[in-house]
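S.K.: Here it is, the structure, as structure tokens.
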Amino acid sequence: MSEDDRPVRKCVCFDIPFATLKAAGVQTVEEAAERFGCGTNCGLCRPYIAKMLRTGDVAFAVDNPPPGATGEGG
Numbered sequence: 001m002s003e004d005d006r007p008v009r010k011c012v013c014f015d016i017p018f019a020t021l022k023a024a025g026v027q028t029v030e031e032a033a034e035r036f037g038c039g040t041n042c043g044l045c046r047p048y049i050a051k052m053l054r055t056g057d058v059a060f061a062v063d064n065p066p067p068g069a070t071g072e073g074g
């Protein structure tokens, strides 16, 4: 899978790249929310942040719907 096939690279609500979270040493989805606001608005980035924490990847294919997405902001 090429980088072009993995367009999900950031929390779009707060414009924070997953690479920034990784570089900052974020260890949990909750920490990403507390420190950067990620996952506290629409919530769609939360499963991708969890995937980043599991895999170390910072770019993902779009999941329809993303695993664990509830549509609730938090």
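Take the sequence shown: its position 26, counting from 1, is numbered 26 in UniProt numbering, and each next residue is one higher.
Even for Gly, the Cβ is constructed at its ideal location relative to N, Cα and C.
Which residues share a DSSP beta bridge with CYS13?
M.R.: To locate residue 13, count along the sequence shown from 1; it is residue 13. Answer is none; CYS13 lacks a bridge partner.
S.K.: Short of 7 Å in beta carbon distance, which residues of its chain neighbour VAL62, apart from the five on each side in sequence? Order them along the chain.
M.R.: The residue given as residue 62 occupies position 62 in the sequence shown. Hits under 7 Å: PRO7 and VAL8.
S.K.: Return no unless some Cβ of chain B is closer than 8 Å to the Cβ of ALA32.
M.R.: The structure shown contains no chain B, having only a single protein chain.
S.K.: Excluding the 5 residues preceding and the 5 following ARG46 in the sequence, name in chain order all residues of the same chain whose CB lies nearer than 6 Å to its CB.
M.R.: Locating residue 46 in the sequence shown gives position 46, counting from the first residue. For ARG46, where only same-chain residues beyond five positions count, the Cβ hits under 6 Å are VAL29 and GLY39.
S.K.: Would you tell me roughly how many angstroms separate the C-alpha atoms of ASN64 and LEU44, rounded to the nearest one?
M.R.: As a position in the sequence shown, residue 64 is number 64, starting the count at 1. As a position in the sequence shown, residue 44 is number 44, starting the count at 1. Roughly 11 Å between the two C-alpha positions.
S.K.: Taking the alpha helix (DSSP H) that LEU21 belongs to, which residues open and close that run?
M.R.: Mapped onto the sequence shown, residue 21 falls at position 21. Its alpha helix (DSSP H) spans residues 18 to 23.
S.K.: Measuring alpha carbon to alpha carbon, tell me which residue in CYS11, CYS42, ALA19 and ASP5 is nearest VAL58.
M.R.: For this step, residue 58 is matched to residue 58 along the sequence shown. Among CYS11, CYS42, ALA19 and ASP5, the Cα nearest to that of VAL58 belongs to ALA19.
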